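**Student:** Pasting in a structure now, in structure tokens, and then I'll have a few things to ask.
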Amino acid sequence: MVRPNLIPPTSIRPRPPPSPSLSGLLFRSIRSSPASTPALTPRGRLDHPHHFRPQPRLRLQQLRPISSSCPSSSNSKPSTTQTVLGREYKVDDYTNVPASILKRLTPNPDLPYKPNHPLQLLRSQIESHFGSNYHPMASPFPVVTTTLNFEDLGFPDDHPGRSPTDTYYLNRQNCLRTHTSAHEVETFAKGEQRWLLTADVYRRDEIDSSHYPIFHQMEGASIFSHEDYRVGGKVQTEVEEMESRLSRSKLLEIEDEVDLKMAGDYQKGHDPRMAALAVRHLKATLNGLVLELFGERHRFETSGGATGSQAEPLKVRWIPATFPFTSPSYEVEVWFRGKWLEILGCGVVMERTLERANVEGKLGWAFGLGLERIAMVLYSIPDIRLFWTEDKRFLDQFQTSTGGGAKRTSDGGLITFKPYSKFPPCYKDVSFWLPQTSTTTTSSTSPSSSSQGQGTEAKSSSSSSSFHENDFFEVVRDTVGDLAEDVVKIDDFTHPKTSRRSLCYRINYRSMDRNLENEETNALHSKVVERLVNELKLEIR
Ligand code: PHE
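Residue numbering for the sequence shown follows the UniProt record's numbering, beginning at 1 and increasing consecutively.
Here it is as structure tokens:
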């Protein structure tokens, strides 16, 4: 996947490639660093939604298994509304949430609160680290308006993250939240000033060990009144305390040469002195969080365990980024187990956000992080599907001595997952010709007065095909669920005479809990192929 670098490369400094991205990453950002071109971050969430795809599509109508969520309607006319967790949504040309996702929606996410679940351990560790100054907030309803998810946050109409190839829409006005930032305006509007909000988020995506259509993020924010920014005031006092704690720890080595302009600069309406102090507060807070999450483990691993030599420093680096709802904006990476790992996105909250929340005279910062992504690294969890397993062999490994916030197992060790079994994989390939464009353009070409997504949607391009990979992945997931471990494209061929394009994907079927018989896999694969033909109009080769 190659996307244009939306910000012209400049030469701040060469950077080594970050580690491959894991789920929960900060897809709204555009890296401002020259070395962060897509080629260097394969399969990264950071790349992918900025990859402009102005192609017409065929997908959504066919992928709309609404009738399966209301079985009684399957023989009658397609329903014009669908009910999600007791609320009714009008169906329209944007509707694209498959039954397999609909049936997993809950008013509150289970995993970050499930006793002895890795996401619960991580969430509570972060919440206890932040302490009583920060209000831990429960997850709001997963369906949000596109105003909350995009408009209020300044996403332009043609932002790729809005595309129905990337986002699950109930209809043009409502989607499954794609990030916890969707709740910034509401939360600030309630008068909350320092808070941590954990929620399930949803994105249409590829299939591999680190991507799953449902994952969890935590959003954190802290805003202060202008008065708190005075010299010697609350913000400065807190910053100095945090900075001195960090330097006392001696473990952290912070690389932070971010050029302010590359990070988006201070906002016009902000007093630069206050904004600079807010950035310092943000950095000290998040450096402290990194130390909390990775410090002990890094020290243990790099000093050869209990007996060993001096630990290596824990390196953190600050990278300029662009999010429509913060400026300046950054991403934070940690050097852990020999790789740079992106762990969060953050920045100074846009004035727009606080204005929409009717909050006056305040300035502060926000961050967002992906819980699965961090938990996978910390606890060595190799496959994101494992978070959903009920297998005791998984869950029993996260028993802690003290429950909330604990980093240690009941016998005092650092929690590290040990794989209990690996059943053999079973690969099946599927090759197909893409449908010809003229007959497969999307139906949603009427420009709507609402600003939702028609930027990419209405533009018909001369692209050779309306096929989008995420539609393919969706059919696979919707048909076989977690039995697909990963899906990779292994061939892409354009016929020299006819210019028809054919693709070949390899689906790796593997259950995490049991052996899959070849017969069962064949039957699953046939179902996938049948749906590809019927719903995506692909011609199997
Ligand atoms: N919502 C952003 C994402 O999911 C992360 C973020 C949160 C960035 C808050 C800045 C401030 O990519």
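For each residue, glycine too, the CB sits at the ideal point set by N, CA and C.
None of these values were measured; they are calculated from a predicted model.
1) Going straight from the alpha carbon of E520 to that of E255, what length do you get?
2) In angstroms, rounded to a whole number, what distance separates the CA positions of S327 and Y266?
3) Taking 9 Å as the cut-off, decide whether the C-beta atoms of V97 and L148 are in contact.
4) So S329 and A263 are supposed to be a Cβ contact under 8 Å. How far apart are they, rounded?
5) Return the CA-CA distance between S431 and N534, expressed in angstroms with no decimal places.
6) Closest to S79 by CA distance: which of V91, L85 and A523 is it?
7) Cβ of N515 within 9 Å of Cβ of F423?
8) Return the first residue and the last residue of the beta strand (DSSP E) that I83 is part of.
9) Does the ligand PHE have a heavy atom nearer than 8 Å to the CB of T326?
10) Can you tell me whether Q120 is buried or exposed? The criterion is at least 16 other CB atoms within 10 Å of its CB, across all chains shown.
11) For the alpha helix (DSSP H) that contains M242, what are its first and last residues?
12) Among S222, Y427 and P272, which one has its Cα closest to the Cα of residue 553?
13) Can you tell me whether A284 is buried or exposed, with buried defined as 16 or more other CB within 10 angstroms of its CB?
14) Looking at the ligand PHE, does it come within less than 8 Å of E219, judged from the CB to the closest heavy atom?
15) Considering only the beta carbon of each residue, do residue 542 and N508 sit closer than 9 Å?
16) Is the closest heavy atom of the ligand PHE to the C-beta of C346 under 8 Å?
17) Between D429, P136 and Q399, which has its C-alpha nearest F417's C-alpha?
18) Between the C-alpha atoms of Y212 and S132, what's the straight-line distance to the nearest angstrom?
19) Return the chain-ordered list of same chain residues with a C-beta closer than 6 Å to the C-beta of P49, the five sequence neighbours on each side being excluded.
20) Got a sec: does the ligand PHE put a non-hydrogen atom nearer than 8 Å to the Cβ of G368?
21) Under 8 Å: does the beta carbon of H179 sit that close to some heavy atom of the ligand PHE?
22) On a Cα-Cα basis, can you pick out the residue from D228, I214 and P320 that is closest to A278?
23) Is it true that the region 355 to 369 meets the region 385 to 399, where meeting means three or more beta-carbon pairs spaced less than 8 Å apart?
24) Which residue wins for smallest C-alpha separation from Q236, given the options Q193, N171, R280 and G86?
25) Can you tell me which of the three DSSP states P164 falls into?
26) CB of residue 593 to nearest heavy atom of the ligand PHE: below 8 Å?
27) How would you write the range of the beta strand (DSSP E) that D320 sits in, first residue to last?
28) Can you give the Cα-Cα distance for V316 and H270, rounded to whole angstroms?
29) Answer with buried or exposed for V488, where buried requires no fewer than 16 other C-beta atoms within 10 angstroms of its C-beta.
30) When you compare the CB positions of G347 and L282, do they come within less than 9 Å of one another, or not?
31) Compute every distance between the C-beta of residue 552 and the non-hydrogen atoms of the ligand PHE, then say whether any falls below 8 Å.
32) From R337, L293, P118 and Y379, pick the residue whose C-alpha is nearest to that of G304; which is it?
**Tutor:** Put simply:
1) Distance between the alpha carbons of E520 and E255: 52 Å.
2) Each residue's Cα considered, the two are about 6 Å apart.
3) No.
4) For a cut-off of 8 Å, the C-beta gap from S329 to A263 is around 6 Å, short enough to register as a contact.
5) As the crow flies, the alpha-carbon of S431 is around 15 Å from that of N534.
6) Taking only the C-alpha atoms, the option nearest S79 is V91.
7) It is a contact, given that the beta carbons lie within the stated cut-off.
8) Position check: residue 83 holds Thr in this sequence, whereas Ile was assumed. T81 to V84 is the extent of the beta strand (DSSP E) around T83.
9) T326 has its CB nearer than 8 Å to a heavy atom of the ligand PHE.
10) Label assigned to Q120: buried.
11) From DSSP, the alpha helix (DSSP H) with M242 extends over K234 to S249.
12) Since the first residue of the chain shown is 1 and the last is 541, residue 553 is not available in this structure.
13) A284 comes out buried.
14) Checking the Cβ of E219 against the ligand PHE gives yes.
15) It is not possible to answer for residue 542, since the shown part of the chain is limited to 1 through 541.
16) Remark: the shortest separation between the CB of C346 and any heavy atom of the ligand PHE falls under 8 Å.
17) It is Q399 whose Cα lies nearest to the Cα of F417.
18) Y212 and S132 have their C-alpha atoms spaced approximately 32 Å apart.
19) Its pLDDT being 35, under 50, P49 is placed unreliably in this model, and the coordinates cannot settle the point.
20) Yes; taking the cut-off as 8 Å, the Cβ of G368 has a heavy atom of the ligand PHE nearer than that.
21) Yes; taking the cut-off as 8 Å, the Cβ of H179 has a heavy atom of the ligand PHE nearer than that.
22) When the alpha-carbon of A278 is set against those of D228, I214 and P320, the nearest one is in D228.
23) Flag = no, the region 355 to 369 and the region 385 to 399 do not touch.
24) The candidate whose alpha carbon is nearest that of Q236 is R280.
25) The DSSP-derived three-state label of P164 is coil.
26) Outside the shown range of the chain, which is 1 to 541, sits residue 593, and nothing can be said about it.
27) Residue 320 is actually Pro in this sequence, not Asp. First-last of the beta strand (DSSP E) with P320: L314 to F323.
28) Roughly 28 Å separates the two Cα atoms.
29) The residue is exposed, with fewer than 16 neighbouring Cβ atoms inside 10 Å.
30) Going by C-beta atoms, G347 is nearer than 9 Å to L282.
31) Outside the displayed range of the chain (1 to 541) lies residue 552, so it cannot be described from this structure.
32) Closest by alpha carbon: R337.
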